[in-house]
Amino acid sequence: MNPSKHKKKRPKRSHNPREDGGAHRPKQLTAHQDVQQKQQEQHRLIDKQKKHEEALALSHQLRQLSSQKRLKECIDLYRSPAYDELRDAHHGSIVVDSCARCGDVHEAENIVNEMLQSKKSQKIETLPFFWEEHKRFSYKQVPIQAWTALLKGYVHSGMMAKADSLFHHLCVKHGSVDGENAKRKREGSANGPNVRTLNTLLRGCLWTATSLNIDDNKIVDSKGVPRHELVGGVMTAERAWSLCGDVNISCDSSSYEYLISILSQSLQCKAAEHCLQKLKSVLGMTDYVGKDKVGAFNDVDPTMIESMVVCLVVIARGYVLLGKRNDGRRCAEEALKYLDVSVADKDSAVPSSN
Numbered sequence: 084m085n086p087s088k089h090k091k092k093r094p095k096r097s098h099n100p101r102e103d104g105g106a107h108r109p110k111q112l113t114a115h116q117d118v119q120q121k122q123q124e125q126h127r128l129i130d131k132q133k134k135h136e137e138a139l140a141l142s143h144q145l146r147q148l149s150s151q152k153r154l155k156e157c158i159d160l161y162r163s164p165a166y167d168e169l170r171d172a173h174h175g176s177i178v179v180d181s182c183a184r185c186g187d188v189h190e191a192e193n194i195v196n197e198m199l200q201s202k203k204s205q206k207i208e209t210l211p212f213f214w215e216e217h218k219r220f221s222y223k224q225v226p227i228q229a230w231t232a233l234l235k236g237y238v239h240s241g242m243m244a245k246a247d248s249l250f251h252h253l254c255v256k257h258g259s260v261d262g263e264n265a266k267r268k269r270e271g272s273a274n275g276p277n278v279r280t281l282n283t284l285l286r287g288c289l290w291t292a293t294s295l296n297i298d299d300n301k302i303v304d305s306k307g308v309p310r311h312e313l314v315g316g317v318m319t320a321e322r323a324w325s326l327c328g329d330v331n332i333s334c335d336s337s338s339y340e341y342l343i344s345i346l347s348q349s350l351q352c353k354a355a356e357h358c359l360q361k362l363k364s365v366l367g368m369t370d371y372v373g374k375d376k377v378g379a380f381n382d383v384d385p386t387m388i389e390s391m392v393v394c395l396v397v398i399a400r401g402y403v404l405l406g407k408r409n410d411g412r413r414c415a416e417e418a419l420k421y422l423d424v425s426v427a428d429k430d431s432a433v434p435s436s437n
């Protein structure tokens, strides 16, 4: 005889609150518990607001010290143990910018490295090209403002090998070039290198001529991949410009002005004029310039016209240095036409005294 046939079956538990006595009914808070929960939530909001105000106050103090170039006091305030729970990436960006303005690149590198590794400076060994050790990082750790400030420190100190490597690394490794999906691409475009980052590098290229990369006698990265042997000047500028489209950097008139000046300095005047035509197209000014005169610029920002004048003058200078006087004269005369129209527009904007 099979005992399993006589095994009593347990009655199924009802899910109806009326049948099982309300066993599954959500627990109701008492009036006292409800008041207590609301008070706790209110305290959390007050604490959050207080921390926010303290963070803003710290930012204000750091900016004030930075503007006065009181670097030591700025760093001491940033690293004070009193702000260990308050310190964030925004505060770090302010201090990195202060270091760059005061010419202390080494300290700027230390702070960025601290932000990357979330460790104290005493335990960190800062490598010459430390960003290459990180395959992927979050811009919440180190925002692009901090990287741009570090880049500024490099170009102000003439360290174009590091500047070239850093900009390339930000674009290729941590921009939107190698994004795994559309969301990462959008995030990379929003938080990655921007036009300020590009213009910072281009200004450094204006100040330095192209030279051999002999920084620390190390011309390969951490994976043994050769770095660019020629850095600074037109070489770095052209490489950076070619990356702009990949990371969705929208170049402004200053970007074009810097690149055209760099090309003209290297006597690549034809390339500079080609870039100038692109600038005209971007500004919508292609139809304004006639053969013998320049049309009105009522809908064009006057600063854009000034950029056109600057670009034409540097191109004309390049042509003169090459001995191509006719081309130099042509560019100089076009610059004068733009300048005349700019002055005329300003005069017409001044109300008459009558």
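Numbering of the sequence shown is given in the working numbering, commencing with residue 84 and proceeding in unit increments. No residue lacks a Cβ here, since even glycine has one placed at the ideal position from N, Cα and C. Quantities reported herein were computed from a predicted structural model and do not represent experimental measurements.
The count of Cβ pairs closer than 8 angstroms, one atom from the region 121 to 139 and one from the region 188 to 200, stays below three, leaving the stretches out of contact. Among the bridge pairs identified by DSSP, V314 is matched with S294.
For I343, the closest alpha carbon among the candidates C334, S333, D335 and A354 is that of A354. Judged by beta-carbon spacing, S349 lies beyond the 8 angstroms limit of G315, meaning their Cβ atoms are not closer than that value. If you draw a straight line from the Cα of K133 to the Cα of K121, it is about 18 angstroms long. G401 sits close to C352, with the two beta carbons spaced by under 8 angstroms. Here DSSP, grouped into helix, strand and coil, assigns R153 to coil. DSSP places Q200 in the helix class (H, G or I) of the three-state scheme. Short of 6 angstroms from the beta carbon of C254, and not among the five residues preceding or following it, lie these beta carbons of its own chain, in chain order: P276, L326 and V330.
In the structure shown, the three-state DSSP call for E168 is coil. Less than 8 angstroms separates the beta-carbon of L234 from that of L284. With respect to the 8 angstroms criterion, K223 and A183 are not classified as neighbours on the basis of their beta carbons. Taking all protein chains in view, the Cβ of Q119 is surrounded by fewer than 16 other Cβ atoms within 10 Å, so the residue is classified as exposed.
Annotation: C157 to I332 spans about 32 angstroms, alpha carbon to alpha carbon. Here the C-alpha atom of Y339 lies approximately 32 angstroms from the C-alpha atom of Q151.
Here A292 is exposed: its Cβ has fewer than 16 other Cβ atoms, across all protein chains shown, within 10 Å. Within the same chain, Cβ atoms closer than 7 angstroms to the Cβ of Y341 are found at N282, L285, R286 and L289, the five residues on either side in sequence being excluded.
Counting only residues of its own chain and dropping the five nearest sequence neighbours on each side, S240 has a CB closer than 7 angstroms to the CB of G186 and V188.
Membership of T231 in the alpha helix (DSSP H) is indicated by the continuous run I227 to H239. Spanning the alpha carbons of A323 and H174 requires a straight line of approximately 28 angstroms. Of the other Cβ atoms in all chains shown, fewer than 16 fall within 10 Å of the Cβ of T113; this residue is therefore exposed. Taking the Cα of T319 as reference, the smallest distance to any Cα among R127, L395 and F250 is reached at F250. Short of 8 angstroms from the beta carbon of R408, and not among the five residues preceding or following it, lie these beta carbons of its own chain, in chain order: Y402.
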